[in-house]
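Engineer: Encoded as structure tokens, here's the structure I'll be asking about.
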Amino acid sequence: MINKKLFFPAVLLAGLLILQSCGTRQNQLQSAMNQPDSNIVKKLKEFVDVKLTTDLTQLTDKEKQMIPILIEVSQIMDELFWEQTLGNKDSLLNSVKDSAVRQFALLNYGPWERLNDNKSFIPSFGEKPKGANFYPKDMTKEEFEKWDNKDKSSQYTLIRRDKDGKLKVVWYHEAYSQLLTKASELLKKAAELAEDQGLRNYFLLRAEALLTDDYFNSDMAWMDMKTNTLDLVVGPIENYEDELFGYKTAYEAHLLVKDKTWSKKLERFSSMLPFLQKELPVDARYKKEKPGSNSDLNAYDILYYAGHGNSGAKTIAINLPNDEQVQMKKGSRRLQLKNAMKAKFENILVPIAKTLIDPAQMNNITFDAFFNNVMFHEVAHGLGIKNTITGKGTVRAALKENYSAFEEAKADVLGLFMVTKLIEKGEIRDIKAEDCYVTYLAGIIRSVRFGAGDSHGKANMMCFNFFEDQHAFTRNPDGTYKVDFEKMKKAMDAWAASVLMMEGDGNYGAATEYLKKNSVVRPELVKDIEKLRSANIPLDINFQQGLQALGLK
Ligand SMILES: [Zn+2]
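Yeah, the sequence shown ends on 588 if you go by my numbering, and it's all consecutive.
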């Protein structure tokens, strides 16, 4: 799963809706006058331009030679995604005279505004079809469901009509054979340059998979690959673009460079999980399991986004593969995109903090603290227990639909707990616990600025409300927030114990009631978040990427 929502939800501001409804009429008027559409110009300004790059000196000559090839593969994925979401990209772009509208269409991969509920911003295009261009536009759900065909639900087939108007399947590798053959050849060329055996093997198998729509072996090879520096997540992967049935996967690419410093850190921290488990501030019964280390967690810098991965809110974390067969055999891998997070931190989180954090604590808002919080959240999922201590089976089974909210809250608070312990132990010297706390608080406010409806949002609010009730932070009369470090530490231990016990007890009724009562965004916070609307905080980042951005051209 590609995570776009975890830290930067892609939901809209109600205010934007109002702008949009008068925008359509304005579009027509403005283009008649042949002037840039001021409404669209305004919308474009909600995206900050950031150059996507990394320290290339860490790469070998061969790796540097691979980059242009892998970018070319990515650009093919981009073309394929246009085909899947819209159909004819050129006819759309040629029909638009206004350069701002054209730019906005490129950013949105079509005439529909992705971060605003897919509202159409080019009047001649109606609503976005729920099935994108995966299905015939005139096909109903009923027609599809009645149709007897074994490959119709495959994640790698398009549904089309034959000459008699009957439905038929067309495999991706047939429909897009020309572009896929080119991408496949380029991957083989990159494989020849690969010095890492695992990467070479993955590229060769992926090159084959693109031409057969059988991705199993290449997914297995991707999980087996451990010592590579470069990575290219490529192919038809996520099914979110198919809003009709959620069957069809969209082409995408993420070109990545592994952060070796973080790899080493994570190895060391994972080895300390048994020590940290013992230190958990809870009764021994709630920490008797051996903690699991999430060894396949790593930090990367991203060099290129393409296709589905570049549409809508920008991805900052990836968790793959989606194939459950592969997951059962090899587990899954989590990739945190550090430079993308930094761009969002600087351009979105810092302005939010400036509006809502006590000015005296602004120097506690740091990217290092932010990134540490994110990484420790992930590692902390491995702490605590997976099975209830009351004979109710696994925590997941006992807490049912509420499990994710508690599990995310656990990872949040135990992440902070880990950082605190490791700083006390002298294992971490480059950041301060105080920075982690204040940055964490600002992060919560940011994550619920568009609402707290999903399990991460609910988890965030349970944490926020618990800390508020324990006076871990106070709200100044002007609506800014200030952390009380002593009380924060105590509240952190108390909250860690509460969550671990709610998980261990597995009492569904009690947990449900707690969640319902404590996951709400309280009126005062709602009011404070209102202030962000007038603070002109960007909606998302628009990455400038490619050979030029990397200084390779
Ligand atoms: Zn999590």
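Quick reminder that beta carbons are idealized off the backbone N, C-alpha and C, glycines included.
Which whole-angstrom value is the C-beta distance of HIS416 and THR350, which I expect to be below 8 Å?
Structural biologist: Your numbering for residue 416 matches position 381 in the sequence shown. Your numbering for residue 350 matches position 315 in the sequence shown. Wrong, their Cβ atoms sit about 20 Å apart, outside the cutoff.
Engineer: Once the 5 residues before and after LYS435 are set aside, which same chain residues still bring their CB inside 8 Å of it?
Structural biologist: Along the sequence shown, one-based indexing puts residue 435 at 400. So the list reads TYR543, once near-sequence residues are dropped.
Engineer: Where does SER346 land, buried or exposed, given buried means 16+ other C-beta within 10 angstroms?
Structural biologist: Within the sequence shown, numbered from 1, the residue matching residue 346 stands at position 311. Burial call: buried.
Engineer: Please report the straight-line C-alpha distance between TYR207 and LEU193, rounded to a whole angstrom.
Structural biologist: For this step, residue 207 is matched to residue 172 along the sequence shown. For this step, residue 193 is matched to residue 158 along the sequence shown. Using only the alpha carbons, I get a separation of about 7 Å.
Engineer: For GLU177, does the count of other Cβ atoms within 10 angstroms reach 16, so buried, or fall short, so exposed?
Structural biologist: Here residue 177 corresponds to residue number 142 of the sequence shown, with the count starting at 1. Burial call: exposed.
Engineer: Which ranges would you report for the beta strand (DSSP E) in the region 436–486 if only whole runs of at least 3 residues count?
Structural biologist: none
Engineer: What residue range is occupied by the uninterrupted alpha helix (DSSP H) comprising TYR340?
Structural biologist: The residue given as residue 340 occupies position 305 in the sequence shown. First-last for TYR340: 332–342, but that is the beta strand (DSSP E), not the alpha helix (DSSP H).
Engineer: Following the continuous alpha helix (DSSP H) through ASN407, name the residue where it begins and the one where it ends.
Structural biologist: The residue labelled residue 407 in the question sits at position 372 within the sequence shown. First-last of the alpha helix (DSSP H) with ASN407: 402–415.
Engineer: Just checking my contact of VAL317 with ALA532 at CB under 8 Å: how many whole Å lie between their CB atoms?
Structural biologist: Walking along the sequence shown from the start, residue 317 turns up at place 282. Walking along the sequence shown from the start, residue 532 turns up at place 497. That pair is a contact at about 4 Å.
Engineer: Just list the residues that DSSP pairs ALA285 with in beta bridges.
Structural biologist: For the purposes of this step, residue 285 is identified with residue 250 of the sequence shown, where counting begins at 1. GLU273, per the DSSP bridge assignment.
Engineer: Give the residues whose C-beta lies closer than 6 Å to at least one heavy atom of ligand 1, in chain order.
Structural biologist: HIS412, HIS416, GLU443 and ALA446
Engineer: Pop quiz: LEU391 and ILE480 are said to be a contact at Cβ under 8 Å. What is the actual Cβ separation, rounded to whole angstroms?
Structural biologist: On the sequence shown, position 356 is the one that residue 391 refers to. On the sequence shown, position 445 is the one that residue 480 refers to. So it is a contact: roughly 6 Å between Cβ atoms.
Engineer: Find the nearest neighbour of LYS379 within the set ASP575, PRO171, PHE139 and LEU128, judged by alpha-carbon distance.
Structural biologist: For the purposes of this step, residue 379 is taken as residue 344 along the sequence shown, with counting starting at 1. Here the closest residue by C-alpha is ASP575.
Engineer: In the DSSP assignment, find the unbroken beta strand (DSSP E) run with ILE576 in it and report its ends.
Structural biologist: The residue given as residue 576 occupies position 541 in the sequence shown. It spans 575–579 - the beta strand (DSSP E) in which ILE576 sits, taken as one unbroken run.
Engineer: Would you kindly check if the distance between the Cβ of ASP470 and the Cβ of ASN399 is under 7 Å?
Structural biologist: Taking the sequence shown and counting its residues from 1, the one referred to as residue 399 is at position 364. Taking the sequence shown and counting its residues from 1, the one referred to as residue 470 is at position 435. Yes. Within cutoff.
Engineer: Just to confirm my understanding: we take ALA225, look at its own chain, exclude 5 residues before and 5 after, and list those with CB closer than 7 Å. What are they?
Structural biologist: By 1-based counting over the sequence shown, the position of residue 225 is 190. MET101, ILE104, LEU105 and PHE238, listed in sequence order.
Engineer: Please list, in chain order, all residues of the same chain as LYS322 whose beta carbon is under 6 Å from its beta carbon, the five residues on each side excluded.
Structural biologist: Residue 322 sits at position 287 when you count from the first residue of the sequence shown. Closer than 6 Å at Cβ, skipping near neighbours: GLN312 and LEU315.
Engineer: Whole angstroms are fine: how far does the CA of LYS181 sit from the CA of TYR170?
Structural biologist: As a working note, residue 170 is residue 135 in the sequence shown. As a working note, residue 181 is residue 146 in the sequence shown. Rounded to whole angstroms, TYR170 to LYS181 spans 15 Å at the Cα level.
Engineer: Taking 8 Å as the threshold, find out whether the region 411–429 comes into contact with the region 451–462 through three or more Cβ pairs.
Structural biologist: yes
Engineer: Applying the criterion that 16 or more other CB atoms from any shown protein chain within 10 Å of the CB defines a buried residue, is LYS299 buried or exposed?
Structural biologist: Taking the first residue of the sequence shown as position 1, residue 299 is located at position 264. LYS299 should be labelled exposed.
Engineer: For GLY461, collect the residues of the same chain with a Cβ closer than 6 Å to its Cβ; drop the 5 residues on either side in sequence, then sort them by chain order.
Structural biologist: By 1-based counting over the sequence shown, the position of residue 461 is 426. So the list is empty, once near-sequence residues are dropped.
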